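So for the sequence shown, my numbering puts the first residue at 52; every next one is plus one. The beta-carbon is built from N, C-alpha and C at its ideal position, and this holds for glycine as well. As the structure is a computational prediction, the values presented were derived from the model and not from experiment. To start, the structure itself, in structure tokens.
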Amino acid sequence: MSDIINVTDPKGRNIRCTRDCWYGHVLIRHPFLHKSMKSVIRTITRPDFINSDRTSSTVEIYYRKIANSSGEYYYRIAVEFNGGNGEIRTVYKSNSTKTGETQIWP
């Protein structure tokens, strides 16, 4: 599997997204993200904050607030960690954080 995204987060960890995940999951479920690759990369490399996932101890959620003429929303990116490196599992826009998450960075 080749990577379409391979960047470093603010904690110094390598985060990747495979072509299969991006084209076979993210864009299938959220086609409005087709022109959002730069925003996704920015969310991973410069998030506003990172939360722990409410159901999985191996997943962290990266958030970055976006404000435009349509209003405000967050990019919400779920990253699963295995041995220090992370892999993007899903990306979508959200109006708020999820109940039960705990902020872990900064």
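Q. Does the beta-carbon of residue 153 have 16 or more other beta-carbons within 10 angstroms, so that it is buried, or is it exposed?
A. Your numbering for residue 153 matches position 102 in the sequence shown. Burial call: exposed.
Q | residue 140 versus residue 104 - alpha carbon distance | A | Residue 140 sits at position 89 when you count from the first residue of the sequence shown. Residue 104 sits at position 53 when you count from the first residue of the sequence shown. Between residue 140 and residue 104, the C-alpha separation is close to 12 Å.
**Q.** Within the stretch 86 to 110, ranges of the alpha helix (DSSP H) (whole runs, at least 4 residues)
**A.** 88 to 96
**Q.** Cutoff 8 Å; reference residue 97; Cβ partners in own chain excluding five residues on either side
**A.** Taking the first residue of the sequence shown as position 1, residue 97 is located at position 46. The residues are 61 and 115.
Q. DSSP on residue 20, reduced to helix/strand/coil?
A. Since the first residue shown for the chain is 52 and the last is 157, residue 20 is missing from the structure and cannot be characterised.
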